[in-house]
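Report on one structure; see the data block that follows.
In the working numbering, the protein residues as written are 3 to 155.
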């Protein structure tokens, strides 16, 4: 008879192999490690960038050279990992109907969503300013439908 700590199995046509406590512990440890790696990858996007503009105008947002809103809009939210990003906003001036490009290098910290706003100075020169920094603690900020996913940079 086998004890509680050993199991009997057949491998390769009837060869008996006893699984000891060490091998069972090693398999459980491996399963735990795989679960931790998978859960860490699911939580990879834990920061965000939000860009909004003034009333009566539209914009296109590029993050690290990639266009994120193909339809010109007024608000964009991008989920990302923490790091340095090159943000470029192509914005339509509502007074003279010309497109302007605003560029800014921004650093995104883990656990926060950074909100930026495009403001027109003297009706001609647009400027990108940081409005607020919100902690990403609620399910509202982690809703996939609210974000465009951004790859690791």
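Ideal Cβ positions, reconstructed from N, Cα and C, are used throughout, including at glycine. Remember, it's a predicted structure, so these values are computed and weren't measured experimentally.
Per-residue DSSP class, three states only, for residue i
{"i": "residue 68", "result": "strand"}
{"i": "residue 29", "result": "helix"}
{"i": "residue 83", "result": "coil"}
Chain-order list of residues whose beta-carbon lies under 7 Å from that of residue i (same chain, five-residue window excluded)
{"i": "residue 63", "result": "53, 70, 71, 78, 91"}
Same chain only: Cβ atoms within 6 Å of residue i, ignoring 5 sequence neighbours per side
{"i": "residue 123", "result": "129"}
{"i": "residue 135", "result": "114, 116"}
{"i": "residue 103", "result": "92"}
Supposed close pair residue i, residue j - CB separation, criterion 8 Å
{"i": "residue 80", "j": "residue 120", "result": "Incorrect: roughly 15 Å between the Cβ atoms, too far for contact."}
CA nearest to the CA of residue i, picked from the options
{"i": "residue 110", "options": "28, 89, 127", "result": "89"}
{"i": "residue 126", "options": "106, 133, 104, 97", "result": "97"}
{"i": "residue 87", "options": "55, 57, 56, 51", "result": "51"}
{"i": "residue 58", "options": "65, 26, 76, 23", "result": "76"}
{"i": "residue 138", "options": "82, 24, 66, 99", "result": "82"}
Sequence-distant residues of the same chain with beta carbon closer than 8 Å to residue i, five excluded per side
{"i": "residue 74", "result": "60, 61, 62, 94"}
{"i": "residue 101", "result": "92, 93, 94, 95"}
{"i": "residue 29", "result": "none"}
{"i": "residue 5", "result": "Because the pLDDT of residue 5 is 47, which lies under 50, any placement of that residue in the model is unreliable, and the number read from its coordinates should be weighed accordingly. Contacts found: none."}
Beta strand (DSSP E) runs contained entirely in the stretch 85 to 134, provided each spans 3 or more residues | As for any beta strand (DSSP E) of minimum length 3 sitting wholly inside the stretch 85 to 134, the runs are 85 to 94, 101 to 110, 114 to 123, ordered along the chain.
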